[in-house]
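Numbering of the sequence shown is given in UniProt numbering, commencing with residue 1 and proceeding in unit increments.
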Amino acid sequence: MSAAANTTVWDTKTQQFHGGQDWKFLDNFVEDFSVTTNCLGTPVKAIQAARDAVATCHHYPPANQEPAKSSLAEWIWPEHWEANRDRLLLGNGASELIDLVIRSAPQGSWKAGPWDVQDKANVVCIVNPCNPTGDYKSVDELKSWILNNVQDNGVVVIDESMQIWVGPEFRQDSMTAQTEFLEKTFKERNISIYVIHSWTKIWSCTGLRLGSIVCPTVAHCVELKRIQVPWSVNSPALAFLNEVVRDTEYLEETWRVTPIYRAQLIERLTALANGRSWEYFGKPYLSWVWADLKDVETAEKAVALAKKAGVPVRSGKPGYERPTFVRIAVREPKQTDVLFSAWKDL
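As C-alpha cells, this is what we get:
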C-alpha cells in the first residue's frame, strides 16, 4: 500500500488521533517508537495461548468472561480476589469501558484534571501516570484530590494503564487496592470512582484490544454490564489474559530493564542536544520519554526522519497540541541505535 494511503487511516473529522498507525505503511519498518508498549515485546506463552484459542473460533466466547476474569481478579487482589471479582468487568480495550462509564454518567460539567485553574466538576477523568506528560500522583494524593475537587453525585474515571510500571509494589499504590475508599466515597457523597486499565501496554498486545474496569460497587458493575455489547472480548484475548497474569518473570524483567533503557535514552538525547536546552519529562520507571525539543521545526524534523528510517515516534502536535514535543518509547538498545542513526544530523 502506498504511503499516501496512511492519510486515510484516520477520519480526522470524526476520530481522535492516536499513535501506532505508521508501521503498517513503512516498507523499511524496524520498530514502533510511537506507542508506549513494553520494550520486551509480547509475552511468548500468552501469545501462544491466543493462537491456540483461534482454533475455537467456531464457538462463542464465554459470556461471563471466565476463567480469564477470575485469573485477573486474583492477580489484582491476591488475598481478596473472590470478594472483589464481581466488581470487575473486562472490555474491548480501555476505550470501550471509558465509553460505558461516560454514557452512564449524569449530565453536567466534565473535567480533565487535575488542574487548579478549573472549578469542581461532576465528571472527572484522570490518567495516572499521565500519558504523555509522565506525571504521577500517589494513591494518598489522588484520594485527597478527588475528595477536594469532585462534586457530590459525580463520576471519576481513573486510568491506571501505565501504573504497573511503578514496580513490584504497584498494587499498594493503586486505587484498585482502595475498595473500602471507593465504597465509602459512594456511600457518603454518592461519588462513583471507576479504575480502568488497558492491558495492551504492559503486555504489548494492542491488537488484541483488552481492558478492565474496577467499579465502586457490584451494583455499578451490573449496570455497566447491562449496556455492554455481548462478547466484546474475543476468545484469543481472553486466553491471552488468562495466561499472561501467570508470567511473573516477564514483569520482573520489565521492572529491571525499563529504567535502564530509559536512562540510556535520555543520555543519548542529551548528547544529541549538544548544549541545546531540551527537556525530558516523566518518572524514571516509565516506558517512554516526553521530550520538549523547544522548537517546532526541530520536532517536525525529528518525526519525519524517524518515520523515514522505519522507527516512527509520536509527534506532540496532533491530539496533544504540543508541537515542540515528541514522545519516544523506551526500546532495546539495538533498536534505539537505528533511531539515533536517523537523528545524527538533527
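Even for Gly, the Cβ is constructed at its ideal location relative to N, Cα and C.
| field | 8 Å contact criterion, which Asn92 and Gly108 should meet: CB distance rounded | value | Actually they are not in contact, since the Cβ atoms of Asn92 and Gly108 sit about 27 Å apart, beyond 8 Å.
| message | On a Cα-Cα basis, can you pick out the residue from Arg246, Asn274 and Asn234 that is closest to Gln65? | response | Asn234
| task | Tell me whether Tyr261 sits in a helix, a strand or coil according to DSSP, three-state version. | result | helix
| Does the Cβ of Pro129 have 16 or more other Cβ atoms within 10 Å, making it buried, or fewer, making it exposed? | buried
| field | Terminal residues of the beta strand (DSSP E) in which Gln151 lies | value | Val150 to Asp159
| message | In whole angstroms, give me the CA-to-CA distance for Glu183 and Val150. | response | 16 Å
| field | Terminal residues of the beta strand (DSSP E) in which Phe325 lies | value | Phe325 to Ala329
| said: Among Gln21, Leu89, Leu241 and Trp231, whose alpha-carbon lies nearest the alpha-carbon of Ala50? | reply: Leu241
| said: Relative to the C-alpha of Leu210, which candidate in Gly20, Ser95, Thr56 and Pro61 has its C-alpha closest? | reply: Ser95
| field | Residue(s) in a DSSP beta bridge with Trp290 | value | Phe281 and Arg327
| message | Three or more C-beta pairs under 8 Å: does that hold for the region 241–252 against the region 37–55? | response | yes
| task | Measure the Cβ-Cβ separation of Thr206 and Phe186 and say whether it is below 8 Å. | result | no
| said: Cutting at 7 Å between CB atoms, please list the residues of its own chain near Val127, excluding the five before and the five after it. | reply: Asp159
| said: Is there a Cβ of chain C sitting closer than 8 Å to that of Gly310, yes or no? | reply: Of the protein chains in this structure there is only one, and it is not chain C.
| request: Pick out whichever of Thr36, Phe325 and Lys225 has its Cα sitting closest to the Cα of Leu269. | output: Phe325
| message | Please classify Gly319 as buried or exposed, where buried requires at least 16 other C-beta atoms within 10 Å of its C-beta. | response | exposed
| query | In its own chain, which residues sit with a C-beta less than 8 Å from the C-beta of Ala342, not counting the 5 before and 5 after it? | reply | Leu305, Ala306, Lys308, Ala309 and Val311
| Cα-Cα separation, Val156 to Ser192 | 6 Å
| task | State the beta-bridge partners of Gly91 as determined by DSSP. | result | Gly211
| field | Expected contact under 8 Å - CB spacing of Ile202 and Ile164 to nearest Å | value | 5 Å
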